[in-house]
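A.B. asks:
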Amino acid sequence: MAEAFKLSEFVYAHRGLWTDGGLTENSLEALLAAANAGLGIEFDVRPAADGTPIVFHDPVLDRMTDETGSVADLTSVELIGTPLVGGGAIISLEGLLSTWPQTTPLLCELKVDGDTDASQFASIVGTMLIDHTGPAAAMSFSPIAVSALPTGLMRGQLVLPSEMSGATNLTDIAAGPVDYFACHVSDARHPSLQAVRQETPLVTWTVKDAGTCEALASITDSQIFEGFDPALAKRHILRT
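Pasting the structure below:
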């Protein structure tokens, strides 16, 4: 069964430990490289046409593969194994969970857009994560998806940047109790998020340089990072 964990005890590699010209984002190789470095991971899942959760960020294939078209229009059989630009191949959530070493946490972001049934997809993903042995949590920008996650699984509410949403109280997006908020780096100091940090931890995304990482370390409980040495992320956030 999925284990609850302290967000502040880990840092999280954004879509795995990938780099330009190196391992590819959301590939199994990049995700496992993060685990081997003692990092948690943030990764994305979206539904195939048959409802299978697929590890993939974009709604369309064009940027990350040599194929075109919508992920939601293709079955899992058609998607799984499709080569990714730069190396690796598209995998399913089941494929990731079956190979994950279970020693570091999973932060699974549910991508809910288009005609996706938020509650149904959250139920499918949540059940798979609940059955996973090891630390795991799920999160989404969709409050409907977050509230539909099964009891017993850590749930996080992703928060749209206030510059986009125009919101003044960024915690209002949550449809019910959550275990953490995850905000854009530009909102890490937002009073509404800082006001609830004692009860609801705050994770920020996506931190892209060591200077920003160090500057935000004291006002966030952890960070989702990419593009710089993970040893620096650990040093600034975990003080190790």
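Positions in the sequence shown are counted from 1; adding 356 to them yields this note's numbering. Glycine included, each C-beta is placed from N, C-alpha and C at the ideal position. Quick caveat, the model's predicted, so the values are computed rather than measured.
If I447 sits next to V411, beta carbons under 8 Å apart, how far is it from one beta carbon to the other, in whole angstroms?
C.D. replies: 5 Å
A.B. asks: Measuring alpha carbon to alpha carbon, tell me which residue in T527, T438, A566 is nearest P557.
C.D. replies: T527
A.B. asks: In chain order, what residues of the same chain have a beta carbon less than 6 Å from the beta carbon of L588, not counting five sequence neighbours either side?
C.D. replies: A566
A.B. asks: Specify whether the stretch 376-385 and the stretch 571-581 touch according to this definition: at least 3 beta carbon pairs, one from each stretch, less than 8 Å apart.
C.D. replies: Because the criterion of three Cβ pairs below 8 Å is not met, the stretch 376-385 and the stretch 571-581 do not touch.
A.B. asks: Can you check whether the CB of S426 is closer than 8 Å to the CB of V468?
C.D. replies: no
A.B. asks: When you compare only the Cα positions, how much space is there between D422 and G442?
C.D. replies: 10 Å
A.B. asks: Any chance the stretch 492-507 sits against the stretch 470-478, with 3 or more Cβ pairs inside 8 Å?
C.D. replies: yes
A.B. asks: Whole angstroms are fine: how far does the CA of V433 sit from the CA of G396?
C.D. replies: 28 Å
A.B. asks: Looking at the structure shown, is R591 part of a helix, part of a strand, or coil, going by DSSP?
C.D. replies: In the structure shown, R591 sits in a helix (DSSP, three-state: H, G or I).
A.B. asks: According to the Cβ coordinates, are Y536 and L384 closer than 8 Å?
C.D. replies: no
A.B. asks: Relative to the alpha-carbon of A358, which residue among D487, S454, A389, T460 has its alpha-carbon at the smallest distance?
C.D. replies: The shortest Cα separation from A358 among D487, S454, A389, T460 belongs to D487.
A.B. asks: Let me know the secondary structure DSSP gives L388 once reduced to three states.
C.D. replies: helix
A.B. asks: Within its chain, find whatever has a CB closer than 8 Å to the CB of L509; leave out the 5 residues flanking it on each side and keep chain order.
C.D. replies: A358, G482, L485, I486, A492, A493, A494
A.B. asks: Taking all protein chains shown into account, do 16 or more other C-beta atoms lie within 10 angstroms of the C-beta of R620, making it buried, or fewer, making it exposed?
C.D. replies: The structure shown does not extend to residue 620, since the chain spans only 357 to 596, so no value can be given for it.
A.B. asks: Express the C-alpha separation of T472 and H413 in angstroms, rounding to a whole number.
C.D. replies: Our two residues, H413 and T472, have alpha carbons roughly 14 Å apart in a direct line.
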